[in-house]
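In full-length UniProt numbering, the protein residues as written are 1 to 610.
Have a look at the structure below, then the notes.
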Amino acid sequence: MYPDSKCPGGNKLVTPIDLYSGLFEPQYALGARISSNSLGGAIGYGYTQITAEIDKFQYDHDDFLVVWSAGNSGHKGYMTLTGPTKQAKNSLIVGASTNSIESWKEALQLRNYTERALFLRKKFSKKYSCTCKNSSKNGKSHSSGSSNDISSSSSLFDAFSWCHFDKCREIEKLTSEEACDAFMGETCQFPSKYKISLMKKKANFNVAFACSKKCALKNLHEMQSLFDSENLADFSSLGPSVDSRIKPDLVAPGYFVISAHSHFGNSKCSIENTNDVKFQLKEMAGTSMSTPLVAAAATIVRQYFTDGFYPSGKRPSNPQEFAKAEYTNPSAALVKAILISSARGMKGLARGNDYFDHFNPKHRTIFEGYGLINLSNTLKLVSSSSGDGDLSSTNTNPTRENVKTTTPSRMVDLFVVDRQEITTDLVHSYNFIVADNSSELCITLVWTDYPASPMASLALVNDLDLKLEYELENGDIQTFYGNHFVNNNQPDRVNNVEKILIPSPPLRTALTVSVKGHNVPHGPQRYSLVINGKKISKASVIKRSLDVTDVSPSNTIIFFNWQFALIITSLGTALLVSLAVNIGLCLYARIQKRDFNKQFMNMEKMKTVY
């Protein structure tokens, strides 16, 4: 928090209109290099002025990473990222995964069940018009509309509503956890006649909405298959962006997460009871919970480099060793590349009344981006003999110089380059040999791209290509392009993040990873490259050459790429042009969303397994 920050006067957070100078500049001036933002708005489309501001700040400050929550509107289908901030190409957009059943058990211990009972009472009362004053023998009545039928104490809403007196009598009893036990009964199931629309969208509503600890834990045990740490949370907003970029970028646990809990109490920002841990912690769900976890992981990655862990995998013990460390001021692109490189695809998704496995690889990124974050897939950690000064130490009195963790040594090899500059048609090549293919070979390219113009139909400006090549036993050349799993193995013309994941790379075969500047109008473009796997040995580091013979196949996806060369001679002409562009982009976005939602419904019916 800022040193002079104060408690809010209400329960809302309002961001500055100018995010560049009003939000990010003060953070950067105070030394922050990672900005976590669990906020959003209505579902919005397109690349706006706000989006361009975010990308521009990160382009101007290349060591500043902005992290945004994807939103909680996944049940509405495709393209449900909440607000223009989630369209930013240089930021990291985070979805939510379901936590393990052990975590749920712990979280349910912290739930305020009386508060939950009162919440349900309010919702049920609204649905069944429990403020009605009329009565009838069968428990329902409807006002005829005559003024004589309306009592002086009843509102017009009461008079013209159906009244459900039998249900309302039961609903009114929902005032405590004990009353909720009686309401849910021995089966611990909400009676179907009481289900509100919010419940019908959740397969696990008997756990999520339970207002009794006994029933919550009982239902949790009976629905264990839904509570897997590799399942996508059913509410997590889905991509892609309007120009079909991979968004969200990745996911992290967000359902449920034990979070800090503060009630105003007698004074603003005070804890209800500082001696009662129940009121300092609370189980919460949402991408607002998963986003800070990713920001924390980004902080660990940044510290990994600033403290000199790369390339040795351990903290330098003296200035001479620290002098050998590389990239001690990592760019945001490098931190982002490490995080995305660590992500792996998840198992499935719970939605509606069914559980089904994920869809084919081409559509998978729409749900989870590059997958669930796991830094143990990427960061190289080497234990020292003393156990001091390395991330895998188990010292019981940790300090900043002596970190305690239960993570074992990770002997994955890690090779990175940061802030490498490239221009159009220039190729950088990196040659390797893999001596152990028991683990995946992962290659990730990220660059902080030049901001696009507001209302641009395609956000990408500087276009780079990632490619992996190696020779097969029959002499043929095997080629993989970045994001090969979604682009039919064609060069990517949309994203400024490209990833290649090979489950079992060829042994002792020369592998060539190349980065090419396909089209760099605002150059030179800096990029970060991360390569990790087991027993990777460098044959040669960098080979630079102009490659005029490498003509990449055209992408099979066609996007609008409008370029305007306009001389505005009057304000009226400018307004007409702006209106036409906005209408065009709006129609384009709605057509894209309609088509994606049709595919979404078809995929739900197919329940494809891969």
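Here a beta-carbon is modelled for each residue, glycine too, at the ideal position from N, C-alpha and C.
For residue i, which residues from the same chain have a beta carbon less than 7 Å from its beta carbon, with the 5 sequence-adjacent residues on both sides left out?
i           : result
residue 454 : 47, 48, 49, 52
residue 258 : 106, 107, 110, 281, 283
residue 536 : 413, 415, 432, 434
residue 80  : 43, 71, 73, 74, 237, 238
residue 218 : 188
Comparing C-alpha positions only, which one of the options sits nearest to residue i?
i           : options            : result
residue 228 : 256, 212, 21       : 256
residue 331 : 318, 522, 303      : 303
residue 450 : 236, 524, 248, 69  : 524
residue 36  : 437, 292, 238, 89  : 292
residue 177 : 244, 114, 224      : 114
residue 179 : 206, 117, 167, 166 : 117
residue 507 : 319, 247, 534      : 534
residue 483 : 364, 318, 217      : 364
residue 61  : 538, 34, 510, 69   : 34
residue 38  : 68, 329, 421       : 68
residue 18  : 85, 312, 32, 31    : 85
residue 532 : 456, 313, 170, 473 : 313
Could you tell me the alpha carbon to alpha carbon distance between residue i and residue j, rounded to whole angstroms?
i           : j           : result
residue 439 : residue 378 : 11 Å
residue 284 : residue 119 : 15 Å
residue 234 : residue 104 : 15 Å
residue 487 : residue 316 : 42 Å
residue 129 : residue 211 : 21 Å
residue 371 : residue 521 : 31 Å
residue 391 : residue 380 : In this prediction, residue 391 scores a pLDDT of 47, lower than 50, which makes its location untrustworthy; the coordinate-derived value is nonetheless stated afterwards. Rounded to whole angstroms, residue 391 to residue 380 spans 10 Å at the Cα level.
residue 226 : residue 122 : 28 Å
residue 222 : residue 101 : 11 Å
residue 425 : residue 254 : 42 Å
residue 327 : residue 73  : 38 Å
residue 429 : residue 376 : 27 Å
residue 340 : residue 470 : 24 Å
residue 127 : residue 209 : 16 Å
residue 92  : residue 249 : 6 Å
residue 530 : residue 443 : 6 Å
residue 324 : residue 419 : 18 Å
residue 501 : residue 441 : 6 Å
residue 66  : residue 368 : 19 Å
residue 40  : residue 252 : 18 Å
residue 220 : residue 230 : 17 Å
residue 513 : residue 346 : 27 Å
residue 499 : residue 510 : 19 Å
residue 64  : residue 383 : 30 Å
residue 246 : residue 294 : 17 Å
residue 421 : residue 519 : 13 Å
Excluding five sequence neighbours on each side, which residues of the same chain lie with their C-beta closer than 8 Å to the C-beta of residue i?
i           : result
residue 489 : 479, 480, 481
residue 174 : 117, 118, 120, 121, 124, 180, 183, 211
residue 16  : 22, 23
residue 213 : 108, 109, 111, 113, 177
Leaving aside the five residues before and after residue i along the sequence, list all residues of the same chain whose C-beta is less than 6 Å from its C-beta, in chain order.
i           : result
residue 87  : 47, 51, 241
residue 446 : 333, 336, 337, 497, 528
residue 516 : 427, 465
residue 342 : 373, 374, 375, 377, 378
residue 244 : 494
residue 452 : 47, 459, 461
residue 504 : 437
residue 620 : For the chain, the structure presents residues 1 to 610; residue 620 sits outside this window and is missing.
For the ligand SAM, is there a heavy atom less than 7 Å away from the beta-carbon of residue i?
i           : result
residue 322 : Because no ligand of any kind appears in the structure shown, any question about the ligand SAM cannot be addressed here.
- Query: If you scan the stretch 174–245 from start to end, which runs of the alpha helix (DSSP H) of 4 or more residues do you find wholly inside it?
  - Reply: Look at the stretch 174–245 and you find these whole runs of alpha helix (DSSP H), each 4 residues long or longer: 177–184, 197–200, 205–208, 213–222.
- What runs of the beta strand (DSSP E), each 3 residues or longer, lie entirely inside the stretch 66–93? Within the stretch 66–93, no complete beta strand (DSSP E) run reaches 3 residues.
- Inter-stretch contact at 8 Å, needing at least 3 Cβ pairs: the stretch 298–314 / the stretch 448–466: Here the stretch 298–314 makes no contact with the stretch 448–466; the two share fewer than three CB pairs at distances below 8 Å.
- Query: Does the pairing of the stretch 175–193 with the stretch 80–99 give three or more beta-carbon distances under 8 Å?
  - Reply: In short, these stretches do not touch, since the Cβ pair count stays below three.
- Message: Threshold first: 4 residues or longer. Then list the alpha helix (DSSP H) segments lying entirely within the stretch 325–355, N to C.
- Response: Counting whole runs of 4 or more residues, the stretch 325–355 contains the alpha helix (DSSP H) stretches 332–342.
- Query: For the 8 Å Cβ check, are there 3 or more pairs between the stretch 307–314 and the stretch 284–294?
  - Reply: Because the criterion of three Cβ pairs below 8 Å is not met, the stretch 307–314 and the stretch 284–294 do not touch.
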